[in-house]
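With this note's numbering applied, the sequence shown covers 51 to 319.
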Amino acid sequence: MGSSYSNDNAVHSPVFNRRKLESLRDYLLGYQPPRECGKYINILLFGMEGAGISATINTFLSALDPKGRITNLAPIERNRKSLTPTLNYCGSNYLRFWDLAGWNALENKNDPMQVFNMILEGRILPGTDLHEFNPSFEDKHSIIPENIIHGVAFVFDMNTFDNIDLYIMKQFQELQTLVAQKYIYRIVIGTKFDQLGIPERYYSYIYNYKLLQEKFQKLSEYTGMDRRTMFAIINTSRGDKIGQTRCMLTLYILENLVRNINRYFKMIE
Ligand SMILES: Nc1nc2c(ncn2[C@@H]2O[C@H](COP(=O)(O)OP(=O)(O)O)[C@@H](O)[C@H]2O)c(=O)[nH]1
Ligand SMILES: [Mg+2]
């Protein structure tokens, strides 16, 4: 594999084989959320428009499908201009993934932090148009227990996050700090590594890929989040099934989310 790969700074080392894959999927599909959590575990995906949020949700759902069938439940936006910033979710069993059109959707708001906070608290109904939404009547939007967010995945396109304005990154740091203060588990998901030159046959060594390690280091400096909370995903697919390696990379992320959300619940019991 040569000098592009190194073990030293690998933040994760998933095991890739069919048995491990099946047992992870069984665990995830059979898992019952803690009672305090309610019926669902809600995971919010958040990032810049075009980062690959909807594509990531589709990859999650494909990886969870027992037959690995490619899912297209979360619409991938091709025409950016027609994008309406709404909050929506797609689910598999007890797991619900909330899709939010990110900072770009909130930029006209006087107080994007407040809107974000209300989403975390389960005060904003699915389907709400966030351009029209007025957060100033917080007491009119009561908490809906089954919509409370338990985990947040911040999604970054690994090819372009270096170009994000520093003031937006600053805003991001505030957001992720808010999430941490609310005791909500949070991770970073980096997308589009396929565009960074890693050949498909090496996807199972992705965490050993030096370029990924450098990107994670940089992202860690930008965001203030630990490198160990950063994960890689590849959302492109050929055919109608998710390949075994991509599936494993995806289930590995989901297992980390579910296990840590579970652990957080145990700690506050
Ligand atoms: N090559 C590649 N393209 C991706 C990946 N993830 C998303 N995309 C593409 O990036 C574009 C934006 O994705 P989308 O999920 O709609 O972004 P969103 O605005 O964050 O929901 C689409 O054309 C996707 O097909 C990835 O991992 N690799
Ligand atoms: Mg989208």
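Glycine included, every Cβ here is placed at the ideal spot set by N, Cα and C.
**OP:** Output the distance between the C-alpha atoms of Asn57 and Asn122, rounded to the nearest integer angstrom.
**Re:** Between Asn57 and Asn122, the C-alpha separation is close to 35 Å.
**OP:** Use the C-beta contact count for Gly118: other C-beta atoms within 10 angstroms, 16 or more gives buried, fewer gives exposed.
**Re:** Buried, because 16 or more other Cβ atoms sit within 10 Å of the Cβ of Gly118.
Original post:
With respect to the alpha helix (DSSP H) encompassing Asn108, which residues constitute its N-terminal and C-terminal limits?
Top reply: Residues Ile103 to Leu114.
Original post:
If you drop the 5 nearest sequence neighbours on each side, which residues of the same chain put their C-beta closer than 6 Å to that of Ala60?
Top reply: Tyr257 and Asn258
Original post:
Just curious, the alpha helix (DSSP H) that Gly201 is in, first and last residue?
Top reply: Here Gly201 belongs to no alpha helix (DSSP H); instead the beta strand (DSSP E) covers Gly201 to Asp207.
Original post:
According to the neighbour-count rule (16 or more other Cβ atoms, all chains shown, within 10 Å of its Cβ), is Leu114 buried or exposed?
Top reply: buried
Original post:
Beta carbon of Trp148, beta carbon of Pro176: below 9 Å?
Top reply: For Trp148 and Pro176, yes; Cβs fall inside 9 Å.
Original post:
Rounded to whole angstroms, how far is the Cβ of Cys140 from the Cβ of Ile194, which I believe are closer than 8 Å?
Top reply: About 18 Å; that fails the 8 Å criterion.
Original post:
Got a sec? Which residues, its chain only, sit under 6 Å from Gly201 by beta carbon, not counting five neighbours each side?
Top reply: Ile93, Tyr235, Leu307 and Ile311
**OP:** Thinking Leu269 and Val229 are a contact (beta carbons under 8 Å), I'd like their distance in whole angstroms, please.
**Re:** Wrong, their Cβ atoms sit about 16 Å apart, outside the cutoff.
Original post:
Does the distance from the CB of Lys242 to the CB of Met208 come in under 9 Å?
Top reply: yes
Original post:
Nearest CA to the CA of Asn184: which residue from Asp161, Met51, Thr286 and Glu224?
Top reply: Here the closest residue by C-alpha is Asp161.
Original post:
What's the call for Pro83, buried or exposed, on a 16-neighbour Cβ count within 10 Å?
Top reply: buried
Subject >> Option nearest Met98 by Cα separation, candidates Glu305, Glu264 and Ile218 >> reply: Ile218
Subject >> Euclidean distance between Cα positions of Ser54 and Ser192 >> reply: 51 Å
Subject >> Through-space distance from Asp212 to Glu264, alpha-carbon basis >> reply: C-alpha separation (whole angstroms): 12 Å.
Original post:
So what does DSSP say about Tyr81, is it helix, strand or coil?
Top reply: Coil at Tyr81, not helix or strand.
Original post:
From which residue to which residue does the beta strand (DSSP E) around Ser56 run?
Top reply: Looking at the DSSP string, Ser56 is not in any beta strand (DSSP E), and its letter there is neither H nor E.
Subject >> Simplified DSSP state of Met236, which is helix, strand or coil >> reply: A small fix is needed here, since residue 236 is Arg in this sequence, not Met. Strand, per DSSP.
Subject >> Three-pair Cβ contact test at 8 Å for the segment 68 to 75 versus the segment 285 to 292 >> reply: Judged by pairs of C-beta atoms under 8 Å, the segment 68 to 75 does not touch the segment 285 to 292, as fewer than three such pairs exist.
**OP:** Compare the C-alpha of Glu250 against each of Asn285, Asn167, Ser142 and Leu304 and name the closest.
**Re:** Nearest in C-alpha terms to Glu250, of all of Asn285, Asn167, Ser142 and Leu304, is Asn285.
**OP:** Could you check what DSSP says for Tyr259 in three-state terms: helix, strand or coil?
**Re:** Strand, per DSSP.
Original post:
On the three-state DSSP scale, how would you describe Gly293?
Top reply: coil
Original post:
For the putative contact between Gln223 and Gly274, defined by C-beta atoms under 8 Å, what is the C-beta separation to the nearest angstrom?
Top reply: Contact flag correct, Cβ pair sits at about 5 Å.
**OP:** Pick helix, strand or coil for Ser270, following the three-state DSSP scheme.
**Re:** helix
Original post:
In whole angstroms, what is the alpha-carbon distance linking Ser142 and Gly52?
Top reply: 40 Å
Original post:
With distances taken from CA atoms, which of Tyr144, Arg68, Arg296 and Thr210 is nearest Ile120?
Top reply: The candidate whose alpha carbon is nearest that of Ile120 is Arg296.
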